[in-house]
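Asks: What follows is a structure written as structure tokens; I'll ask about it next.
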């Protein structure tokens, strides 16, 4: 699992080998209560507030269910499968698919473009016109956007595309090696291959070379990088600019995945979960004897409130406050036979209107409890609504209405319409955004004039 922060509004997580994709978009208002788990059976979505699960799959609108990369950019979720990329407004779930003929290996964002890499080279989608541009046909394995520069890892070395000068050039200071991954830390950009690691110091404009390792998983903690290589943890110490083996994990066999934060180092293994408290220097083990239903694991993730462990069949999760393990089984999505009313991964459907699929997604929650105070009953109640009502015509034109008051301080509501590419109105979005303003996006497509235009109005205060 890799979770790399590119800048405040852009997050991507990408699969390495068998590791699951895990993305927790803490900075995105419309998804800050969600954690995305990309699997071979679609995306499992965990709601931290309600402690419930939902699914995004081919039934919901994805091209297929084998997830390779997940990214979030300015309220839009992007999902890469083998040869396709799908996108949707998180608030609307209005999925669109962009198909390519060759595998996609990288995804990154900047303020103007969505960038993808693959066997076909590098392409960029203009966010304004939603048109794809070809940057290079040179096979590219990984890609990263950083400060107006697009870094590319290829089989023949490192290339960079400087957006300020619209210039693509090979980095002569770097060796001609096959780059498989690019890692961004606060100080360095790392280019990894199986034989050699290369780092670029962004502050001093210096290049350095180190011996390489096979990479089964990696994590970032500040400027330190931790790598799982052949069952061992190797880490980079920025104070000495050296790589070391993490000796404390030496007695643990069968390490298959790990995660690290400022407090804990957690190992997923073939025999359960190991947690090292980095401050107290203590160890906790979870397996079938004390809570896990399945202890053959291949990945782990921790945040402030939960621990998640994953294998081929399930995601088990530990509620730290209540000290309880739960489990969400992973299964292939099933597209159900259309009836007047039916339920699947994309919500509760009804077919009351010919040629229009009307579906309701989300949840609404209400509870009330009573306690006696000086002999008198005192009532306390709580309600939460997070719903989307979507109508999709067989032509793929779609309208979506949403309301979300899960966070009482940041209530979201609005609607969106998505037409076809040559419709006069291609897209209309409107809604209430936190910070007390309304936003309206109007994107007409003037096909008869041969051009595109996008109008956007926001920051109009309504008191």
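In UniProt numbering, the protein residues as written are 1 to 463.
Glycine included, each C-beta is placed from N, C-alpha and C at the ideal position.
So residue 244 and residue 228 are supposed to be a Cβ contact under 8 angstroms. How far apart are they, rounded?
Replies: About 14 angstroms separates the two Cβ atoms, so there is no contact after all.
Asks: May I have a chain-ordered list of the beta strand (DSSP E) segments no shorter than 3 residues that lie completely inside the stretch 355-434?
Replies: As far as the stretch 355-434 is concerned, its whole beta strand (DSSP E) runs of at least 3 residues are 356-373, 376-393, 398-404, 412-418 and 425-433.
Asks: Starting from the Cα of residue 58, find the closest Cα among 95, 171 and 166 and give me that residue.
Replies: When each option's Cα is compared against that of residue 58, the closest is 95.
Asks: Along the chain, which unbroken stretches of the beta strand (DSSP E) at least 3 residues long are found entirely within the stretch 37-93?
Replies: If we require 3 residues or more, the beta strand (DSSP E) runs fully inside the stretch 37-93 come out as 42-47, 52-56, 69-73, 76-80 and 84-89.
Asks: Of all the options 432, 420 and 208, which has the alpha carbon lying nearest to the alpha carbon of residue 130?
Replies: The shortest Cα separation from residue 130 among 432, 420 and 208 belongs to 420.
Asks: Compute the distance between the beta-carbons of residue 338 and residue 351, then report whether it is under 8 angstroms.
Replies: The answer is yes: Cβ separation under 8 angstroms.
Asks: Please name the residue in 70, 395 and 416 whose C-alpha comes closest to that of residue 39.
Replies: Checking every option, the nearest Cα to that of residue 39 belongs to 70.
Asks: Does residue 165 pass the burial test, meaning 16 or more other C-beta atoms within 10 Å, or should it be called exposed?
Replies: The residue is exposed, with fewer than 16 neighbouring Cβ atoms inside 10 Å.
Asks: Suppose the cutoff is 8 angstroms on Cβ atoms and the five residues either side in sequence are ignored; what does the same chain contact list for residue 261 look like?
Replies: These residues qualify, in order along the chain: 221 and 302.
Asks: Consult DSSP for residue 247 and reduce its assignment to one of helix, strand or coil.
Replies: In this structure, residue 247 counts as helix in the three-state DSSP scheme.
Asks: Between which residues of its own chain and residue 272 is the CB-CB distance below 8 angstroms, once the five residues before and five after are set aside?
Replies: Correct list, in chain order: 285, 286, 287, 288, 292, 295 and 297.
Asks: Measuring only the C-alpha atoms, how far is residue 312 from residue 146?
Replies: If you take the alpha carbons of residue 312 and residue 146, they lie about 34 angstroms apart.
Asks: Helix, strand or coil, according to DSSP, for residue 31 in the structure here?
Replies: Three-state result, residue 31: helix.
Asks: Taking contact to mean 3 or more Cβ pairs, one atom from each stretch, closer than 8 angstroms, check whether the stretch 78-86 and the stretch 375-386 are in contact.
Replies: Because the criterion of three Cβ pairs below 8 angstroms is not met, the stretch 78-86 and the stretch 375-386 do not touch.
Asks: Around the Cβ of residue 52, are there at least 16 other Cβ atoms within 10 angstroms (buried) or fewer (exposed)?
Replies: When all chains shown are included, residue 52 counts as exposed.
Asks: Considering only the beta carbon of each residue, do residue 50 and residue 333 sit closer than 8 angstroms?
Replies: It is not a contact, given that the beta carbons lie outside the stated cut-off.
Asks: If you count every other CB in all the chains shown that lies within 10 Å of the CB of residue 167, and 16 or more means buried, which is it?
Replies: Residue 167 is exposed by the Cβ-count criterion.
Asks: What alpha helix (DSSP H) runs, 4 residues minimum, are completely inside the stretch 148-197?
Replies: You should have found no qualifying run.
Asks: Below 8 angstroms, can you find three or more Cβ-Cβ pairs linking the stretch 62-79 to the stretch 381-396?
Replies: Short answer: they don't touch.
Asks: Using three-state DSSP, classify residue 468 as helix, strand or coil.
Replies: No answer is possible for residue 468: it lies beyond the span of the chain, which begins at 1 and ends at 463.
Asks: Kindly examine the ligand SAH and report whether one of its heavy atoms sits closer than 7 angstroms to the Cβ of residue 323.
Replies: In terms of ligand content, the structure shown is empty, and the ligand SAH therefore cannot be addressed.
Asks: When we look at the beta-carbon of residue 185 and count the other beta-carbons within 10 Å, is it buried (16 or more) or exposed?
Replies: By the 10 Å Cβ count, residue 185 comes out buried.
Asks: Return the chain-ordered list of same chain residues with a C-beta closer than 7 angstroms to the C-beta of residue 102, the five sequence neighbours on each side being excluded.
Replies: Around residue 102: 83, 118, 119 and 120.
Asks: Which of the three DSSP states is assigned to residue 338 in this structure?
Replies: In this structure, residue 338 counts as coil in the three-state DSSP scheme.
Asks: From residue 195 to residue 33, what distance separates their C-alpha atoms?
Replies: Roughly 40 angstroms separates the two Cα atoms.
Asks: On the three-state DSSP scale, how would you describe residue 264?
Replies: DSSP places residue 264 in strand when its eight states are reduced to three.
Asks: For the beta strand (DSSP E) holding residue 332, just list the boundary residues, first then last.
Replies: Per DSSP, residue 332 belongs to no beta strand (DSSP E) and is neither H nor E.
Asks: Looking at the unbroken beta strand (DSSP E) that takes in residue 478, where does it start and where does it end?
Replies: Any question about residue 478 goes unanswered here, given that the chain covers just 1 to 463.
Asks: Taking the C-alpha atoms as reference points, what is the distance between residue 380 and residue 363?
Replies: So the alpha carbons of these two residues sit roughly 21 angstroms apart.
Asks: Could you have a look at residue 350 and say whether DSSP puts it in helix, strand or coil?
Replies: Note: residue 350 maps to strand in three-state DSSP.
Asks: Return the CA-CA distance between residue 393 and residue 401, expressed in angstroms with no decimal places.
Replies: Distance between the alpha carbons of residue 393 and residue 401 is about 15 angstroms.
Asks: Return helix, strand or coil for residue 320, following the three-state DSSP convention.
Replies: Residue 320 falls in the coil class under three-state DSSP.
Asks: Near residue 305, which residues of its chain fall below 8 angstroms by C-beta distance, leaving aside the five closest residues on each side in sequence?
Replies: Only 48, 319, 320 and 321 meet the Cβ criterion.
Asks: By the three-class DSSP mapping on this structure, what secondary structure does residue 204 have?
Replies: The answer is coil: DSSP assigns residue 204 none of H, G, I, E or B.
Asks: Which first and last residues belong to the beta strand (DSSP E) in which residue 134 is found?
Replies: First-last of the beta strand (DSSP E) with residue 134: 132-136.
Asks: Out of 123, 137 and 274, which one is the CA nearest neighbour of residue 144?
Replies: When each option's Cα is compared against that of residue 144, the closest is 123.
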